[in-house]
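In the working numbering, the protein residues as written are 1 to 145. Since the structure comes first, as structure tokens, the remarks are kept for the end.
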């Protein structure tokens with residue numbers, strides 16, 4: 001009995017491994033980017049408390065750095081999320097092409113692309129963590145005398 005499903009070629013196997021590894025790596029990078037943003041906010045606290053006189057110029061300069069950090073963090077989360085979605089689309093194509101319905105069910109592979117809601121919620125949660133850091137930094141810079 002011949003198998004109707006095509007055999008996965010070497011370059012397709014490499015693309016599959018690349019996409020799966022990229023998803024894992026990009027999810028880790030989202031957390032790393034958030035940690036770096038929080039470290040910048042903490043550095044702003046330390047710099048403001050230790051090394052700057054409380055002048056409006058110093059406060060505003062550090063405030064601009066905090067806002068820029070938040071905006072860059074948001075952009076990076078968007079870039080990571082878009083890359084994750086591209087990798088997932090590649091995986092779904094491989095699932096549809098090289099696995100029949102029975103194999104997909106047996107391996108618990110998605111029969112169709114799942115919504116990106118849960119992963120999107122993670123990215124939004126990480127952006128909210130950064131936003132809270134921005135708000136606390138801004139409160140410290142502009143209201144504590």
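All residues carry an ideal CB built from backbone N, CA and C; glycine is no exception.
Supposed close pair residue i, residue j - CB separation, criterion 8 Å
i, j, result
"residue 130", "residue 34", "6 Å"
"residue 95", "residue 109", "5 Å"
"residue 23", "residue 84", "6 Å"
Unbroken alpha helix (DSSP H) run spanning residue i, endpoints
i, result
"residue 60", "56 to 98"
Rounded separation between residue i and residue j - CA only
i, j, result
"residue 47", "residue 61", "11 Å"
"residue 13", "residue 69", "38 Å"
"residue 29", "residue 143", "33 Å"
"residue 45", "residue 57", "16 Å"
"residue 40", "residue 103", "48 Å"
"residue 25", "residue 18", "10 Å"
"residue 91", "residue 20", "7 Å"
For residue i, the three-state DSSP class (helix, strand or coil)
i, result
"residue 51", "coil"
"residue 7", "coil"
"residue 110", "coil"
Of the residues the options, the one placed nearest residue i, counting alpha carbons only
i, options, result
"residue 31", "140, 137, 124, 104", "124"
"residue 117", "43, 105, 59, 81", "81"
"residue 135", "38, 15, 9, 11", "38"
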